[in-house]
Structures are given as C-alpha cells and as structure tokens.
Amino acid sequence: MRRPQRRLHLLMWIALAPAIAAGVLLALRHAPAEPLADLAEILVTDGAD
Amino acid sequence: MGVRHQAVQWNGNKIVYDLYMLAALAAFIAVFMIVGLEAYPTGHEADPVVLLIRALGSAAFLMLTIALMIGPLARLSPRFLPFLYNRRHLGVMTFLVAAAHFGLSLFWYHFGGPLNPFVSLLVSNPLYQSKQGFPFEAFGLAAFAILFVMAATSHDFWLKNLSAGVWKLIHTLAYPAYGLLVLHIAYGALMTEKSPLYPALVILGLALVAGLHLAAGMREWARDSGMKGVKAPDGWIDVCAPDDIPDKRAVIAPLPKGDRVAVFRDGAKIYAVDNACRHQNGPLGEGCIKDGVITCPWHGWQYRPQDGVSPPPYEERISTHDARLSSLGRVFVRIRRNAPGAAGAFIDLGEGRG
C-alpha cells in the first residue's frame, strides 16, 4: 500500500475502535436486567407508534 | 490481471476454497440451529425461522471478522499471506450471507403489514432516544448498504477502472461497516440475551480486529518514520549490502517522500522497482522472483524486474528505480522513479555494475 493508505487505515482504527467500544459499553450498561421480549413481540409493524 | 472479462474469476484453487467455505457455512448454520432448538436462549419456544435469521447474522459477523483479520495478520506475518489470495471471495460470500439475513428478517418481521416492508423496517421502531430499545435495524441497514457497494465493486473490472487507490478507499469502508455491525448486535441480539458469553464473543471479535489493525498500522508507521531526517542530496539512497538481499527475494526500503522501493536479487543481478503492485498496491517486495518475474504475494500479479512490465499477454506496468553499486560495495537506489515500463539501471555483480 501507499503511505496515505497505510496512514488512513491506522487513523481510521484509532478513531473507530474507541467509538465502537463506547457504543457497545453504552448498550451493555443499559441492557435490561431481564432480556427484552423476542423481536417479533417488540416490533410494531403498522407504523402507528 | 485478466485479459478478458469474466463475471467471477474462478480457478481450481478458488473453486475448492469456495466449496470448503460453503461446507463450513452449512456446518455453522446446522450446529447453530440444532443447539438453538435444544436450548433457545430467550427461554421462549424455539422458532426455527428466528433461529435461522440469527444463524445467518452470526455467520455473516463471524465471516466479516475473519475477513478483516486477514489483512493485518498478513502484514504482521507472511504465514498468513495465502489467506489474502481468496479474501475477496470470502467478502462476497459474507455479503450474500448478510443478504440472506436481511431478506429473511424483512420477510419475517415486516412483510404482510399495511406498510411497505422497507418503510416498516425504518419506522416500526421509532425509539431513537432510547438506549434499551434503540432501533438496531438502522445500524444493520447501514452496514448492509456498505457491504453491497463493496460486493458490487469486487470485480477486477471496477478495480481497474476506479484505480487501485480509489478502489481501496471504497473498500476501507469495511471498517465502519464492521463497527455498525457490532452496534447492530449490541443494540439488537444482546438485548435479548442473558448469558455473558454473547457480549464476550462480540467484544473479543472487535478487540481482535481493532487490535490487529492497530498493531500492524503502528508497525508500518514506525517503518515510514525510519526515513525522517535522512538526506539524499544527490538523489540516491543507500539501501543495503548485496548480500543482505536473499536470492529471489527483496529488501524493502522506505523513500524520503513516503513511498517504498523493493530491491530484488535474482542471482548476480539486483533490480529496484516500486514496491506497490498495480493490482491492489500489494507489497511486491514481500513477494519473490518466480520464473524470472517478480510475483506479488497478494494475488500473484507478475512483472519483469528489468522494466516492470507484466509478461505477455498482460500489459500492466510498474515503475523501476535505477540501482548502482557504490565504490564501497553498497547498493544505492535512485529516489526518482522511472516512467512505468521503462527499463532501469540494474546491478550485475558478475560485472560490477549494470
């Protein structure tokens, strides 16, 4: 790879890794103590809500 | 490197690889379904369709994790280079599995209602303010859109027309796509799971992919920084001694402005060429000389060392650099590249210089 590509790859992961990790931690922190119901039960398909 | 258009570039090796991949995928889905039917994780009655949706989604995530690990692993150790050869087939297969997951989810959860299934997908869960019920579908849809673009441009037709740089830039979108997939899982499937095993596996995948990319990237950065402060007022740089280059192999040297030169030795002759392959900018210097031609370690593209031209019937060209032997017996390479396909001065140790 050329140097700009090499740098882009590295810089992307320097930015992405903590952002993704923060998103996952946020999700896990707010995960319900009891699992949510099955997907079919929580989805509203008529768009009214 | 094809001279004629083929919808998919298969050869014997790739067909065998694809068959193995299909067998592994079938085995993964079968085990997932059997285990899932025995112990449905939510405690609800097992639903084979929901299980299949999850099996396909899990398989796509696993396949993308593996595909993204191959690149940095190959940078860190040449033992992983063979995996690069078939990586694009793995990527396209990942898209197809993701498409099956997407299509089945759309059909199962959004078909048959009053709304268009695609509209339903986007509006059925409006809890964008919620951290628990966040519409994880949005993450998955965005990731799927990226995978679609990548799969659609995976053919060498696009690679050649877009140029290696633009093509690689587009395919770098695989990284944000992976991040979106992780969030799709975290805000979706993980919200319905009690076992810590599932979040642990997702975090492990993310840690492996991110950690390997960071490790490989830092190593490359350090190599690039090695030329900082090096002065070459006469336009030539001292690369190494001739004996430092293994026969049929190369020494890669960074150049002051960021590119790299691959200095190959073929018996008594030493040649210098641009280190970036025309195909995907692969590191030619990590390849070898086979049958008298430089062979890229990534996908086997070949170039004659003396002028950088691919052997007939191919027509690709890379740049050579002039090489000379100094009075102290060191290999010097001219920093300025020759025009692609133009022969460069080379060293003939049998005569002293070429």
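Residue numbers (the working numbering), protein chains in the order written: chain L, 776 to 824; chain E, 121 to 474. Don't be surprised by glycine CBs; every beta carbon is placed ideally from N, CA and C. On a predicted model such as this, the values are computed, not experimentally measured, just so you know.
Taking the alpha carbon of P202 (chain E) as the point to measure from, which residue in E:I414, E:E406, E:R454 has its own alpha carbon closest?
E:E406
Sequence ranges, alpha helix (DSSP H) only - wholly within the region 129-206 of chain E, length at least 4
132-158, 168-196, 201-205
So L247 (chain E) and F254 (chain E) are in contact, right, with Cβ under 8 Å, and what is the actual spacing, rounded?
6 Å
Scan the region 290-318 of chain E for residues whose Cβ lies nearer than 7 Å to a Cβ of chain L and list them as they occur along the chain.
T292, Y295, P296, G299, V302, L303, A306, Y307, L310, M311, T312, E313, K314
Could you tell me the boundaries of the alpha helix (DSSP H) in which I266 (chain E) lies?
257-272
Output the distance between the C-alpha atoms of T214 (chain E) and V286 (chain E), rounded to the nearest integer angstrom.
22 Å
Tell me the DSSP secondary structure of A823 (chain L) in three-state form.
Since pLDDT at A823 (chain L) reaches only 42, below the 50 mark, its modelled position is unreliable, and the value read off the structure follows with that caveat. Coil, per DSSP.
Sequence-distant residues of its chain with Cβ nearer than 8 Å to G355 (chain E) (five each side left out):
R454, I455, R456
Determine the direct distance from the alpha carbon of L785 (chain L) to that of P376 (chain E), and round the result to whole angstroms.
20 Å
Out of E:R398, E:A373, E:P366, which has the shortest C-alpha to C-alpha gap to L389 (chain E)?
This sequence places Lys at residue 389 (chain E); Leu is not what is there. Per the Cα distances, E:P366.
Taking the beta strand (DSSP E) that K368 (chain E) falls in, what are its first and last residues?
K368 (chain E) -> no beta strand (DSSP E), and no H or E assigned at all.
Chain-ordered chain B contacts of E436 (chain E) [CB-CB under 7 Å]:
Note that chain B does not occur in the displayed structure, where the protein chains are L and E.
How would you call Y140 (chain E), buried or exposed, if buried means at least 16 neighbouring beta carbons within 10 angstroms?
exposed
Option nearest I414 (chain E) by Cα separation, candidates E:S447, E:V371, E:M153:
E:V371
Give the straight-line distance between the Cα atoms of P793 (chain L) and F222 (chain E), rounded to the nearest whole angstrom.
27 Å
Output needed for A220 (chain E): all residues of its chain with C-beta closer than 7 Å, excluding positions within five of it in sequence on either side, in chain order.
L176
Compare the beta carbon distance of D394 (chain E) and S430 (chain E) with 8 Å and say whether it is the shorter of the two.
no
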